[in-house]
Structures are given as C-alpha cells and as structure tokens.
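Residue numbers (numbering that gives the first Met the number 0): 0 to 222. Glycine included, C-beta positions come from ideal geometry on N, C-alpha and C. None of these values were measured; they are calculated from a predicted model. Down below is the structure, laid out as structure tokens.
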Amino acid sequence: MKEHQDLGLLLKEALSARFPLRQQDLGADAHLKKKGMVFDTEAYTVEGIGHLCVLRMKAMLGLMKMETVVLSSFQRDMPLLNLDWVSAMGKETQIAELYDVQLQPCPAEFLDAFQRVSDRDADLQDYASGKEHWYDAILYPCSYHKTGKGVSGRLSAAAESCIRCFAEQLDAAPSCDPEAKRAKVRTFAETLASRGGPAVDQMTKLFGKETAERLILRHMYGV
Numbered sequence: 000m001k002e003h004q005d006l007g008l009l010l011k012e013a014l015s016a017r018f019p020l021r022q023q024d025l026g027a028d029a030h031l032k033k034k035g036m037v038f039d040t041e042a043y044t045v046e047g048i049g050h051l052c053v054l055r056m057k058a059m060l061g062l063m064k065m066e067t068v069v070l071s072s073f074q075r076d077m078p079l080l081n082l083d084w085v086s087a088m089g090k091e092t093q094i095a096e097l098y099d100v101q102l103q104p105c106p107a108e109f110l111d112a113f114q115r116v117s118d119r120d121a122d123l124q125d126y127a128s129g130k131e132h133w134y135d136a137i138l139y140p141c142s143y144h145k146t147g148k149g150v151s152g153r154l155s156a157a158a159e160s161c162i163r164c165f166a167e168q169l170d171a172a173p174s175c176d177p178e179a180k181r182a183k184v185r186t187f188a189e190t191l192a193s194r195g196g197p198a199v200d201q202m203t204k205l206f207g208k209e210t211a212e213r214l215i216l217r218h219m220y221g222v
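Next up, the structure:
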C-alpha cells in the first residue's frame, strides 16, 4: 500500500517555490512528550504571506499517527487553511479545511476548484466527527473530509491537489491590511483555545492550559 505523503513537506515545497520560508525557534515546545504521546512542532514565517505550522503526533507505539498543518495568511486575503491526516489501526482520515477569515468575499472560482477535489473522491467515505462544533459556521462547504482503509494513494493525491490549488490562489490573491487580517485569525485562534476542539482538548489535558494556549496561539496560528 502506498505510504501517505507528508503534508508539511508538500506545503513547504509548494510555498518555498514561491516565497522565502524562515524557520522559527520554538525552544522546548518543539518536542513535547507525555503518556506515550509525542508531539513535534515546526513553525515558519512565510515572507510576504504569514505563518506556517506543522505539528506531528505519534502514540500507541506508532500505531496512531497524526499530522496537522496550518497556514495563516496575514498579508494576502485568503481563507485559513487547516490540513489534518490521521492514521489509526489501519484506517486513514484526510481533512483539508478552509475557514472564512476573509476581509472580502473569497473568489468563487477558487472555492469551486477546491470543491472539485472532493467531487473527484465522491465514492470515498465521508468523515464526520459526529457532533457540531462552533467553527462549523465559518467552514467553507468545499472543504475535504474523507476516510477509509487502503486509500493512502488517493488521500495523498487529494492533499496534493488541495495544496496546489491553495498555493496557486496565493499567487493571485490580493494584498490586504495585515493587522486587520491578523485580528480575524486571532479571533479564530482565541476562540479555538477557549471553546476547544478535539486536538485542543487533548493538548490541554496532557500539557495544561498555559502550554496548550501557547501552542495554539503562538505556534499554530502565529498570533
């Protein structure tokens, strides 16, 4: 079975072909370990764009793996990009989410291109968390949520397509007021930290509220 491709590497390659990346020093936060769960975090300044975070987690002696990639665009008016991949007990889940932190409406043709990736994999099982979350209201419907066994190649291809689509739109996206845009992302990140979500709740339980908030606000979203 084809191995799933590294999301962080895919996005870093797509971005570095267009914009300089500068890795940040996260100190002790770069490697956190507790109760058999290991979190490795990288963060980058994307010159002319904003902030990139790559977080990888392993648990259960490697039987469970997770990767989360977040791109916060402060200088271009783009949606917030969240990529997630989870592998557990032979089943994989690939998520590529766009959140509305726009100052102006997002171009329909970009959202349509993202939708075509999901449409291409319409035969794959949809992933649903089973409950409602506060951020559902600002999640673009074209976001990708698929799961299954033996579908690594297709999930990787979908992730590549989403990343390529986003990177190409970054080239065309208009510049915007960085402080106004950062404020929109900060509101999202602060609400995530306070109201929670599956990954946030796990971080808080393992490392405490202060560390979890630092990981989310500073490292994941760059605010």
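Problem set entry | Where residue 76 falls: helix, strand or coil (DSSP) | coil
Exercise. Roughly how many whole angstroms lie between the Cα atoms of residue 112 and residue 161?
Worked result: 9 Å
Problem set entry | Three-state class that DSSP yields for residue 207 in the structure shown | coil
For this session: Identify which residue in 26, 7, 150, 125 has its Cα closest to the Cα of residue 68.
Result: 7
Exercise. Does residue 157 get closer than 9 Å to chain D when you measure Cβ to Cβ?
Worked result: The structure shown contains no chain D; it is built from a single protein chain.
For this session: Please go through the stretch 23-87 and give each complete beta strand (DSSP E) segment of 3 or more residues, from N-terminal end onward.
Result: 30-33, 36-45, 49-58, 63-72, 79-87
Exercise. Any contact of the stretch 157-172 with the stretch 72-82, i.e. 3+ C-beta pairs under 8 Å?
Worked result: yes
For this session: My understanding is that residue 40 touches residue 21, with C-beta atoms under 8 Å, so please give their C-beta distance in whole angstroms.
Result: Residue 40 to residue 21, Cβ: 16 Å. No contact.
Problem set entry | Beta-carbon proximity check, residue 220 vs residue 185, cutoff 9 Å | yes
For this session: Below 6 Å CB to CB, which residues in the same chain sit around residue 177 once its five sequence neighbours on both sides are set aside?
Result: 73, 74
Problem set entry | Supposed contact pair residue 146 and residue 91 - C-beta distance, whole angstroms, cut 8 Å | 7 Å
For this session: Compute the Euclidean distance between the alpha carbons of residue 23 and residue 141, then round it to the nearest angstrom.
Result: 32 Å
Problem set entry | Buried/exposed call for residue 14, threshold 16 Cβ in 10 Å | buried
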